[in-house]
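Colleague: Quick note on this note's numbering: the sequence shown kicks off at 563 and runs consecutively.
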Amino acid sequence: MTPDALVPMLSPDEARAAAERAGIPVFLAKLNIFRVLLRRPRFAKGFSDAFGALLAADALDARLRELAIMRIAWQTGSNYEWTQHWAIAQQAGISEEELLGVQGGGTGSVGELERAVFSAVDVAVTGRAIPGEVLSILRGDLSDDAVLELVAAIASWTMVSTILRSLEIPLEDGLAGWPPQGVAPSVD
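Put into structure tokens, the structure is as follows:
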């Protein structure tokens, strides 16, 4: 039995019905985050549309986006985000070794671009603007559109982490947290 979130989740049937009424893909209603968000169908629809657009965006490589999301999850201690994106990141071509390297900021295991992505995340999750020197590295390797998508992804998934952690949204039944080792970061 999945424990409830701080704001109670809709039942699976209620979430499915709300998703259908809101025009949200029904498969999303199975996710606990949507079982909470669908309490407010218009918000859930906007959330679904915005994040669907970011996931489908084509200027930023999915691999860089997922590295950013995984770094956000690790830096903020978001078990749900880390666990859900573990498989998505691997589908984007990121190895388990690289994903574990996210925990330490990729020191030694990634290139300058990836380290700049981690630096951008580390600054952004504290609420500060990404510094010019980090943006210069990003702009040296990425198009302006890719930089825009990266900054939007960092801001968006930082918001997701805040929602997940603040509302204590649990993992779906059957999922083991913090893959592959089950070890969470020590976050203050």
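From the three backbone atoms N, C-alpha and C, an ideal C-beta is built for every residue, glycine too.
Starting from G608, trace the alpha helix (DSSP H) both ways and give me its first and last residue.
Modeller: Counting along the chain, the alpha helix (DSSP H) containing G608 begins and ends at 603-618.
Colleague: If I measure Cβ to Cβ from I595 and keep anything under 6 angstroms in the same chain, skipping five residues before and after, which residues do I get?
Modeller: Excluding positions up to five away in sequence, the list reads I731.
Colleague: For E628, which residues in the same chain have their Cβ closer than 7 angstroms to its Cβ, ignoring the five residues on either side in sequence?
Modeller: Counting only Cβ-Cβ distances below 7 angstroms, and skipping sequence neighbours, we find H647, I650, A651, A654, I656.
Colleague: Is the beta carbon of W636 closer than 8 angstroms to that of V664?
Modeller: Taking 8 angstroms as the Cβ cut-off, V664 and W636 qualify as a contacting pair.
Colleague: Between the region 566-585 and the region 599-616, can you find at least three pairs of beta-carbon atoms closer than 8 angstroms?
Modeller: A contact exists between the region 599-616 and the region 566-585.
Colleague: Using C-beta distances below 7 angstroms, list every residue in its chain close to R625, excluding the 5 sequence neighbours before and after it, in chain order.
Modeller: Around R625: A654, G655, I656.
Colleague: What does the Cβ neighbour count give for T724, buried or exposed, with the cut at 16 atoms within 10 Å?
Modeller: That one is exposed.
Colleague: What are the start and end residues of the alpha helix (DSSP H) that includes I650?
Modeller: 641-653 is the span of the alpha helix (DSSP H), which, as asked, contains I650.
Colleague: So which of S728, E674, Q743 has the shortest CA-CA distance to S640?
Modeller: Among S728, E674, Q743, the Cα nearest to that of S640 is on S728.
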